[in-house]
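Encoded as C-alpha cells, the structure appears first; notes follow it.
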Amino acid sequence: MRPPAPPGPVPRPGRRRLARALPQAALLAVLATGCVSPAWDDHDYGLKAGATAQAAASSVELVRLAVRDHDRLTTPYLKTVLTEASGDLGSVNDQFGGVQPPSDAADRLRTQVTDLTSQAEEEVQGLLIEVRRDGLRDPRGADRRLGELAGRLREIEEAHR
Amino acid sequence: MKKLFAVTLGILTAFGGFVDIGDLVANALVGARFGMSLAWVVIVGVIGICLFAEMSGRIAAASQRPVFDLVRERLGPRAGLVNLGASFFINVLTLAAEIGGASLALELATGVNYLLWVPGVALVAWLVMWRVKFETMERIFGLAGLALVVFAVGLWLLGPDWGRLAHQVTHPPSDEGVPTYWYYAIALLGGAMTPYEVFFFSSGGVEERWTRKDLVTSRANVFVGFPLGGFLSLAIAGCAATVFLPVHAQVDTLGQMVLPVGLGLGQVGLALVIFGIFAATFGATLETALSSGYTLSQYFGWQWGKYVRPRQASRFHAVVLVVTIVAAALVLTTVDPIKVTEYSLVFSAAALPLTYLPVLMISNDPDYMGDQVNGRFSNALGTVYMVLLVVVAVAAIPLMLATKAGQ
Amino acid sequence: MSQKARTLHAQLHLLDRQVVHAGDGRLVCKVDDVELAAGEDGRPYATAILSGPLALGPRIGGVAGRLIVATTELFRPEERPAPQRIPMALVSEIGSAVQVSGDPPEAALERWVREHLIAPIPGSDGGGEAQDGGDEEPPAPRPSAEPEDGNRTRLAPLLGRRVLDADGAPVGQVADVQLTQDGPLLEGVQNAFQVSGLIVVPRHTGQLFGYERGPGGQAPALVKTIIRRLHRGSRYVAWPQLASPLPDTGPIRLSARLAELSSLAELYERDTAG
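Residue numbers (our numbering), protein chains in the order written: chain A, 3 to 163; chain B, 35 to 441; chain C, 70 to 343.
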C-alpha cells in the first residue's frame with residue numbers, strides 16, 4: 003500500500019515566492035553593478051569624468067607609493083603591482099572612452115581626461131618595462147611625474163563631483 | 035603543563051585562523067576609504083562571533099551535535115532546505131574567493147599569473163582534506179596564519195599619527211555617502227561573522243570528540259583567540275588608513291593591500307605577509323570546502339567527517355571533491371576573486387540570522403544541553419544580536435543595490 | 070517499566086533527529102518520517118523510523134519535494150519503492166540523537182558513490198582514526214517494501230491538518246503530536262510510542278520551537294515572548310476528545326467543544342507539578 007500524497011501543512015505562498023525571488027534579485031544586482039550606463043546630459047557626463055579621474059588618480063598614487071620605496075619591495079611584487087595598475091588604467095580609459103559625449107563642452111572635457119589617463123597609462127607601462135628589464139632607472143623623476151599627473155587628475159575630480 | 039600547552043596551541047590556532055580573505059579584503063578596503071571610522075563594526079562582529087561560536091562549541095561538547103544538524107531539527111525540513119541552499123551557495127562563493135586569494139598570494143610571491151596556480155591550489159587542498167588528519171590540518175595552517183602579525187608590526191614601524199587614527203574612529207570622512215558607509219559596515223560584519231566559521235567550529239568540535247571537559251579549551255580558543263584575530267583585522271585597516279587614506283587611493287587588489295607592510299618592513303615583511311596570506315586563505319579554503327560537506331551531510335543525516343575513513347563517508351567526500359572543482363572552475367572564469375569576496379561578504383551578512391537563530395534556540399534547550407544551557411548574560415546579548423542581525427539581513431541587499439556595491 | 074510512561078512530542082523530539090548506530094557511533098540517517106500502525110482501539114502507534122528521499126520529499130512538498138521523490142523513484146529497481154525502515158524495536162535511546170542497534174541497511178546513494186567514485190581513488194581506506202569494527206561494511210541496501218500486515222500511515226501528514234470541534238467550528242491546525250510510551254509491546258522488547266494527544270495552534274504559526282514546554286530552562290525573554298504571543302490560544306487535545314480515529318485525509322473532528330479544550334499553559338503547568 004502506498005499512502006496517498008500527504009497534504010502537509012498549508013504553505014505560505016507569499017514567503018515561498020519571496021524565498022524563490024531572492025536569488026534572482028541577487029543575480030540582477032550583480033549584473034546591474036557591472037554595466038556602463040550612457041550619459042544623459044553635460045552634468046551626468048561631468049560626473050562620469052570626475053569618477054574616471056578619481057579612479058585613475060587612485061591607481062597613479064598607488065604606483066607612486068610603490069615606486070618611491072621600490073628598493074624595499076621585491077621585483078615580482080613590484081611587477082604585479084605595476085601590471086595591475088596599468089591594467090586598471092587601461093580599463094578606466096576604455097570605459098570612459100565608450101561613453102558618448104553629449105555636447106561640444108563635453109568633447110573638450112573628454113579630450114582633457116583621456117589625455118591625462120593615457121599619459122598615466124603610458125607612464126606606468128614605461129615603468130613596468132624598466133622593472134622587467136633591469137630595475138627602475140629614474141625613480142625620483144617617475145615619482146615627480148606621477149605626482150604631477152595625480153594632482154591634475156584630482157583637479158578634474160574636484161571640479162566635477 | 036600538557037593541558038596548558040594544548041590550550042595555548044588552540045588559542046594560537048584560533049588567532050592565526052581567524053583572518054581569511056573576507057576579513058582581509060573588507061578591512062583593507064574600509065581602511066583605505068573610511069580610515070578607522072568603522073573600527074566599531076569589527077569589535078561588534080568579534081563579540082558576535084565569540085558569543086555564537088562559544089554557544090555552538092558548548093552545544094557540540096554537551097550533545098555531540100553540530101550546528102547544521104540542529105538547523106534542520108529546529109526549522110523543519112522546508113525552511114531548513116532554504117537555509118541549506120543559501121548557506122551552500124555562500125559557502126561555494128567564499129570557497130572560490132579563498133582559492134583565488136591563495137593563488138593571488140602565489141602570484142605575488144612568484145610573479146606568475148594567479149590563474150595558473152588555481153588548479154594546483156585546488157588539487158593540493160583536496161589532497162590535504164583527503165589524507166591529513168583533522169587536528170594536524172587545523173594546527174599547521176592556523177599557526178602559519180600567525181605570520182599575518184606582520185600587519186601589526188608593519189603598522190607600528192610605519193609610525194602613523196596615532197592621534198589621527200584615534201580621531202578617525204569617531205569621524206567618518208565627509209566625502210563618502212551615508213549609504214556607502216553602512217554598506218561597508220555590513221560587509222565588515224559579514225566578514226567577521228561569516229556563517230561557515232560556526233559550521234566549521236562546531237563540526238570541528240565533534241570531529242575532535244569534545245566532551246564537557248574540553249569546554250575550557252573551546253572557551254579559551256573563542257574568548258582569547260578570536261579577539262586577537264579581531265585585533266589583526268584592525269591592524270589591517272590601520273595599515274590601509276595610514277598609507278592609502280591620505281593620498282585618496284582606493285585599493286582593489288590583494289597586491290595593493292599588502293603594500294603598507296612592504297613599505298613598513300621591507301622585503302622580509304613582504305615575504306612574511308605573502309606567506310601569511312597564503313596560509314590564511316589556504317587554511318580557509320579547507321575550512322569552507324569541508325563546511326560545504328558538513329552542511330549538506332548534516333541536513334540529510336549522512337555520515338560525515340574526517341574522523342572516519344573516506345570510504346565510510348563517501349557522500350561527504352564526494353561533496354567536498356565536487357565543490358572544490360566547481361569553486362576552482364568559478365575562479366578560472368577569470369572573475370575577479372576580490373569582487374567575488376565582496377559579494378560573498380554581503381550575501382553572508384544577509385544570511386546571518388538563518389544560522390545564528392537556531393544556535394541561540396538550541397543552546398537554551400535543556401534536552402540537548404543538560405545543565406549547560408545559556409546563562410542570562412548570553413541570552414540577553416544573544417537577543418540583542420538577533421535583532422541586529424535581522425536588521426542587517428534586511429538592509430544588506432537593498433544597500434548593495436542602492437550603492438552599486440559600494441561605488 | 071517506570072511508573073509514568075515517557076511522553077514525547079513527535080515533531081520536537083523525533084522528527085528530523087539524527088539516527089546514530091548505538092554500537093559504533095556511525096551516523097545512519099535522519100528521522101525523515103515515522104510510520105504508524107493502528108492499534109486495537111484505533112489509536113495509532115509508531116512502528117518504524119522512515120528515512121531517505123521518499124520519506125523526506127513529501128514533507129518538503131511543493132515542486133522541490135515532488136522532484137526529490139520522482140528522481141529517487143527513477144533510480145529504484147522496485148516496482149513500488151518505499152523509504153528505508155528502521156523498526157522502532159531497534160531504537161534504544163531518544164535523546165539529542167536517536168540511537169539504534171541492529172544492522173540498519175546502508176543508503177543506496179552512499180554505496181553507489183563509494184563504489185563508483187570514492188573507493189577507486191587511492192587512499193580511500195586511510196586517514197581516519199581507527200574505529201572499533203570500522204572495517205566491516207554495513208549491510209547492503211535492501212529493497213524495502215512496507216510490511217504486509219495492516220494499513221500503515223505516516224506521522225508527518227498529521228501535522229498541519231485542520232481541526233474542527235464538535236460544533237464544526239475551526240480550532241486550528243495540528244502543530245505537534247504527543248506520543249506516550251504505553252502502546253503494545255514491540256517484539257517483546259519495549260512498549261510502542263502511542264499517539265496520546267494533539268497540540269493544536271490557532272493560526273498558521275508553524276512549529277513551537279520547543280517553547281511550549283513552558284518555563285523550564287531560561288529562554289531569551291524576547292524570543293520567548295514572541296513565540297508565546299504567536300501561540301496564544303494554542304490548545305491541547307487529548308486522545309479521548311477526538312470524535313473518531315484519525316482520518317487519512319480531510320480535517321480532524323473532535324467530540325469536545327472548543328471551550329472544553331485545555332490550553333497549552335495548563336498542560337505544562339500540570340507537567341511541572343507532576
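Glycine is no exception: its CB is placed at the ideal position from the N, C-alpha and C atoms.
Every value quoted in this text rests on a predicted model; they were computed, and no experiment measured them.
So with CB distances below 9 Å, who are the chain D contacts of residue i?
i, result
"Ser348 (chain B)", "Protein chains A, B and C are contained in the structure displayed, whereas chain D is not."
Where does residue i sit, in a helix, a strand or coil, going by DSSP?
i, result
"Leu85 (chain B)", "helix"
"Ser61 (chain A)", "helix"
"Gly350 (chain C)", "Examination of residue 350 (chain C) is not possible in this model, given that chain C is present from 70 through 343 alone."
"Glu179 (chain C)", "helix"
"Leu105 (chain C)", "strand"
"Thr116 (chain C)", "strand"
"Val155 (chain B)", "helix"
"Glu147 (chain C)", "coil"
"Ser382 (chain B)", "helix"
"Val132 (chain C)", "helix"
"Gly145 (chain B)", "coil"
"Arg304 (chain C)", "strand"
"Gly164 (chain C)", "coil"
"Ile308 (chain B)", "helix"
"Arg223 (chain C)", "strand"
"Ala362 (chain B)", "helix"
"Lys99 (chain C)", "strand"
"Gln346 (chain B)", "helix"
"Ile220 (chain B)", "helix"
"Arg147 (chain A)", "helix"
"Asn413 (chain B)", "helix"
Check whether the Cβ of residue i lies closer than 7 Å to any Cβ atom in chain C.
i, result
"Asp248 (chain B)", "no"
"Gln337 (chain B)", "yes"
"Pro387 (chain B)", "no"
"Thr97 (chain B)", "For clarity, residue 97 (chain B) is Ser in the given sequence; the question names Thr instead. It does: the Cβ of Ser97 (chain B) has a partner Cβ on chain C nearer than 7 Å."
Strictly under 7 Å for the Cβ-Cβ distance: is residue i near chain B by that measure?
i, result
"Glu86 (chain A)", "yes"
"Pro78 (chain A)", "yes"
"Pro284 (chain C)", "Caution is warranted here: a pLDDT of 46 is assigned to Pro284 (chain C), below 50, making its placement in the model unreliable, and the coordinate value is therefore given only provisionally. Not one chain B Cβ lies under 7 Å of Pro284 (chain C)."
"Asp96 (chain A)", "no"
"Arg154 (chain A)", "no"
"Ala199 (chain C)", "Low per-residue confidence applies at Ala199 (chain C): pLDDT is 46, beneath 50, and the placement is therefore not dependable, though the value from the model is reported in the following sentence. No, its Cβ sits nowhere closer than 7 Å to a Cβ of chain B."
"Arg74 (chain A)", "yes"
"Thr119 (chain A)", "no"
"Thr116 (chain A)", "no"
"Ser324 (chain C)", "no"
"Thr113 (chain A)", "no"
Based on Cα-Cα distance, which residue from the options lies nearest to residue i?
i, options, result
"Ala152 (chain A)", "B:Thr204, B:His282, B:Gly188, B:Ala136", "B:His282"
"Pro51 (chain C)", "C:Ala177, C:Gly164, C:Ser170", "Because chain C is modelled from 70 through 343, residue 51 (chain C) falls outside the range shown and cannot be assessed."
"Gly298 (chain B)", "B:Thr276, B:Ala254, B:Gly56, B:Pro153", "B:Thr276"
"Asp172 (chain C)", "C:Leu224, C:Val270, C:Cys98", "C:Cys98"
"Gly296 (chain B)", "A:Gly128, A:His45, A:Leu75, A:Glu86", "A:Leu75"
"Thr249 (chain C)", "C:Asn260, C:Arg135, C:Gly126", "C:Asn260"
"Leu142 (chain B)", "B:Gly264, B:Leu161, B:Ile308, B:Cys273", "B:Ile308"
"Pro316 (chain C)", "C:Leu233, C:Asp251, C:His90", "C:Leu233"
At the 7 Å Cβ level, is residue i part of the contact set with chain A, yes or no?
i, result
"Leu304 (chain B)", "yes"
"Gly264 (chain B)", "no"
"Gly193 (chain B)", "no"
"His222 (chain B)", "Rather than His, the amino acid found at residue 222 (chain B) in this sequence is Leu. Leu222 (chain B) does not count as touching chain A."
"Leu189 (chain B)", "no"
Just by C-beta distance, which residues in the segment 410-422 of chain B are closer than 8 Å to chain C?
Arg410, Asn413, Ala414, Gly416, Thr417, Met420, Val421
Interfacial residues, the segment 134-164 of chain B to chain A, with Cβ spacing under 7 Å
Glu141, Leu142, Ala143, Thr144, Gly145
Evaluate the contact criterion for the segment 374-384 of chain B versus the segment 165-173 of chain B: three or more CB pairs, one atom per stretch, below 8 Å.
no
Take every Cβ of the segment 49-59 of chain A, pair it with every Cβ of the segment 126-144 of chain A, and state whether three or more of those distances are shorter than 8 Å.
no
Residues in the segment 39-67 of chain A having any Cβ partner in chain B nearer than 9 Å:
Ala53, Gln56, Ala57, Ala59, Ser60, Ser61, Val62, Glu63, Leu64, Arg66, Leu67
Does the segment 168-182 of chain C come into contact with the segment 347-365 of chain B, if we say contact requires no fewer than three beta-carbon pairs (one atom in each stretch) closer than 8 Å?
yes
With contact counted as at least three CB pairs below 8 Å, one residue from each stretch, are the segment 285-303 of chain B and the segment 318-326 of chain B in contact?
no
Does the pairing of the segment 126-140 of chain B with the segment 307-316 of chain B give three or more beta-carbon distances under 8 Å?
yes
Report yes or no: do three or more beta-carbon pairs, one from the segment 101-113 of chain B and one from the segment 250-263 of chain B, lie closer than 8 Å?
no
Evaluate the contact criterion for the segment 314-323 of chain C versus the segment 72-88 of chain C: three or more CB pairs, one atom per stretch, below 8 Å.
no
Are three or more beta carbon pairs between the segment 414-431 of chain B and the segment 76-94 of chain B nearer than 8 Å?
yes
Please identify, using Cβ separations under 8 Å, the residues of the segment 156-173 of chain C that lie next to chain B, in order along the chain.
Gly164, Ser165, Ala166
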